[in-house]
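I have placed the structure first, in the form of structure tokens, so that the comments after it can refer back to it.
There are 2 protein chains.
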Amino acid sequence: MALLNKHFRSPFTVDNVIFGFDDEDLKVLLIKRGEDPFENKWALPGYFVKELEDLDTAANRVLEELTGLQNVYLEQVQTFGKTNRHPSGRVITIAYYSLIKISDFTKNLKPGSIAQTTAWFSLSKIQHLPFDHSDILQACFQRLQKRVRNQPVGFELLPPKFTLSQLQSLYEAILNIELDKRNFRKKILSMDLLIELGEYQEGVAHRPAKLYEFDKNRYKEFLSKGYVFDLSESKKQMAKVNGYH
Amino acid sequence: MALLNKHFRSPFTVDNVIFGFDDEDLKVLLIKRGEDPFENKWALPGYFVKELEDLDTAANRVLEELTGLQNVYLEQVQTFGKTNRHPSGRVITIAYYSLIKISDFTKNLKPGSIAQTTAWFSLSKIQHLPFDHSDILQACFQRLQKRVRNQPVGFELLPPKFTLSQLQSLYEAILNIELDKRNFRKKILSMDLLIELGEYQEGVAHRPAKLYEFDKNRYKEFLSKGYVFDLSESKKQMAKVNGYH
DNA sequence: TCAAAAGTGTTTGGGTTACACCCATGA
DNA sequence: TCATGGGTGTAACCCAAACACTTTTGA
Chain A
1 MALLNKHFRS PFTVDNVIFG FDDEDLKVLL IKRGEDPFEN KWALPGYFVK ELEDLDTAAN
61 RVLEELTGLQ NVYLEQVQTF GKTNRHPSGR VITIAYYSLI KISDFTKNLK PGSIAQTTAW
121 FSLSKIQHLP FDHSDILQAC FQRLQKRVRN QPVGFELLPP KFTLSQLQSL YEAILNIELD
181 KRNFRKKILS MDLLIELGEY QEGVAHRPAK LYEFDKNRYK EFLSKGYVFD LSESKKQMAK
241 VNGYH
Chain B
246 MALLNKHFRS PFTVDNVIFG FDDEDLKVLL IKRGEDPFEN KWALPGYFVK ELEDLDTAAN
306 RVLEELTGLQ NVYLEQVQTF GKTNRHPSGR VITIAYYSLI KISDFTKNLK PGSIAQTTAW
366 FSLSKIQHLP FDHSDILQAC FQRLQKRVRN QPVGFELLPP KFTLSQLQSL YEAILNIELD
426 KRNFRKKILS MDLLIELGEY QEGVAHRPAK LYEFDKNRYK EFLSKGYVFD LSESKKQMAK
486 VNGYH
């Protein structure tokens with residue numbers, strides 16, 4: 001113990017980029033800060049880590065206190081520790097991102113609670129964030145873009161029953177590219193990750209789409225084996241994602 | 246400041262997995278610990294982060310004090326913060342790995358200095374390490390395996406002039422697979438990342454191999470554009486790397 | 001009947017894969 | 001002359017890519 005007391009100690013936080021998807025846009029949950037610095041600015045949710053709390057536990061706590069959700073996809077991304085990143089003194093932050101279904105979130109919202117201080121923002125419309133939160137957001141988004149190529153994590157963002165078009169636009173939103181409908185369907189269906197429910201969309205002003213469910217067991221198999229998902233149309237398309245022409 | 250004083254503070258370290266390659270094996274530089282806990286055990290090199298020191302700076306400091314090398318490939322991997330990972334109290338560690346040329350290291354060694362307390366170990370032969378260093382090592386190695394597939398970082402581990410066979414066995418060592426000689430050469434040469442020097446190996450008991458140099462400019466181009474390296478023979482071979490059969 | 005999205009097959013081309021023999025050198 | 005690793009080309013196959021029309025519903 002004496003050993004450790006010789007050394008500099010820093011307070012540290014976990015910041016959590018919470019992604020959601022609304023059939024249109026990839027969104028991020030921000031909170032309006034209730035205290036200085038940057039009071040009343042929109043920022044990434046994050047808390048200080050407690051003495052007896054593991055990092056993952058802290059990240060899950062942020063998520064649960066904010067959304068009421070448990071057992072959510074959560075991944076550590078990077079630690080940001082520039083000495084001057086916090087104006088009040090050194091604070092090291094460990095950045096996580098999580099993927100939630102917006103419908104679950106809305107369902108869980110207690111009226112009049114934190115609702116007024118949180119809001120979903122389209123990723124493409126978020127401009128400047130306080131601290132180094134823009135860097136953190138960018139790092140987490142890039143990680144998500146990579147992850148989605150080799151692990152079928154996209155399903156975490158969709159409602160339990162979804163159409164192939166929803167799935168496609170999710171991938172298009174995350175990767176910021178356009179995919180060919182026929183090729184996309186061929187590829188996804190060939191992976192045997194979807195269960196056709198025999199149900200259909202209702203109340204839409206066009207031919208109703210088949211609803212699919214995600215095959216959880218097969219998914220776990222994939223996850224545990226670290227299988228490479230390798231979304232089709234990758235060669236050329238990925239060059240676009242990476243900004244290589 | 247008052248704000249920050251309310252919160253728990255922890256000491257921080259950076260741990261650095263230093264990889265090297267010796268034409269045979271992928272190796273890791275370990276140090277024999279000079280103090281408790283785990284005195285005289287081999288462990289990953291790591292230092293406490295100072296109050297006015299950025300994390301990357303600290304990681305580079307570890308590297309330089311140990312090897313005398315600067316401007317080395319360095320990448321942050323993951324932060325390990327379990328409350329009980331250090332027997333003397335909570336210490337959070339940010340794990341990095343770096344890639345160095347063993348020849349540079351040897352050249353820089355001051356006789357009688359730290360030489361007696363550091364040594365290269367073949368990755369495959371490292372068994373139990375103190376603290377959670379085995380987890381850290383594993384995480385860094387897995388990151389290296391991924392990195393090497395989409396960025397030509399392998400060259401950081403080779404001497405300035407090298408043969409195609411050396412390059413191939415480097416990839417085989419990192420990915421732990423066998424590659425086809427003809428296909429590998431075709432692929433690598435087609436990337437236009439190598440400069441043929443017109444020089445040859447000397448003193449070998451077989452046909453001497455051409456020496457190549459790495460095209461630094463093209464490399465930087467690739468890096469900045471995030472180009473996907475995509476080592477050939479990937480589909481089937483990568484399945485092996487991922488343990489998926 | 002119109003708009004809007006769902007759904008569906010085939011062809012083509014490029015890249016991965018598999019594979020075997022001769023060459024140059026030192027011992 | 002022998003052992004050792006260096007060096008080279010081609011054919012088969014598979015999969016990504018490109019592409020257009022019919023179907024079903026609500027308005």
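In order, the protein sequences belong to chains A and B.
Note that the numbering used here has the first sequence beginning at 1, numbered continuously upward.
Note that the numbering used here has the second sequence beginning at 246, numbered continuously upward.
Glycine residues also receive a C-beta, built at the ideal position from the N, C-alpha and C atoms.
Bear in mind the structure is a predicted one, so any value in this text is a computation, not a measurement.
- Annotation: the continuous alpha helix (DSSP H) that includes residue 56(A) extends over 55-67.
- Only residues of its own chain outside the window of five on either side were considered, and among them 33 have a CB closer than 7 angstroms to the CB of residue 39(A), listed in chain order.
- If you draw a straight line from the Cα of residue 325(B) to the Cα of residue 220(A), it is about 25 angstroms long.
- For the C-beta of residue 91(A), the chain B residues within less than 9 angstroms are, from N- to C-terminus, 249, 252.
- In terms of Cβ geometry, residue 13(A) and residue 49(A) form a close pair [threshold 8 angstroms].
- Spatial neighbours of residue 164(A) in its own chain (CB-CB distance under 6 angstroms, excluding positions within 5 residues in sequence) are listed in chain order as 185.
- At a cut-off of 8 angstroms between C-beta atoms, residue 51(A) counts as an interface residue with respect to chain B.
- Residue contact check for residue 339(B) against chain A: a CB pair falls below 8 angstroms.
- Below the 7 angstroms Cβ cutoff, chain B contributes 321 as neighbours of residue 78(A), in chain order.
- For the C-beta of residue 420(B), not a single chain A residue is nearer than 8 angstroms; the gap to the nearest is close to 13 angstroms.
- Residue environment: residue 451(B) is assigned as exposed (fewer than 16 neighbouring CB atoms within 10 Å of its CB, all protein chains considered).
- Between residue 300(B) and residue 339(B) the beta-carbon gap is near 6 angstroms, inside 8 angstroms, which marks them as a contact.
- If you ignore the 5 residues before and after residue 384(B), its C-beta comes within less than 6 angstroms of the C-beta of 322, 323, all in its own chain and listed in chain order.
- In this structure the stretch 457-464 of chain B touches the stretch 426-443 of chain B; the number of beta carbon pairs closer than 8 angstroms is three or more.
- Going by beta carbons, residue 396(B) and residue 420(B) fall outside the 8 angstroms limit.
- For the 8 angstroms CB-CB criterion, residue 44(A) and residue 123(A) do not form a contact.
- Taking all protein chains in view, the Cβ of residue 119(A) is surrounded by fewer than 16 other Cβ atoms within 10 Å, so the residue is classified as exposed.
- Annotation for residue 331(B): 376 place their beta carbon closer than 7 angstroms to its own, counting only its chain and skipping 5 residues before and after.
- Fewer than three beta-carbon pairs drawn from the stretch 62-71 of chain A and the stretch 255-273 of chain B are found closer than 8 angstroms, and the two stretches are therefore not classed as touching.
- Interface annotation, residue 327(B): in contact with chain A, CB-CB separation under 8 angstroms.
- Each residue's CA atom was taken as its position, placing residue 394(B) and residue 143(A) some 16 angstroms apart.
- Excluding sequence positions up to five before and after residue 401(B), its CB lies within less than 6 angstroms of the CB of 318, 344, all in the same chain and listed in chain order.
- Look at the stretch 41-65 of chain A: the residues with a C-beta under 8 angstroms from a C-beta of chain B are 48, 49, 50, 51, 52, 53, 54, 55.
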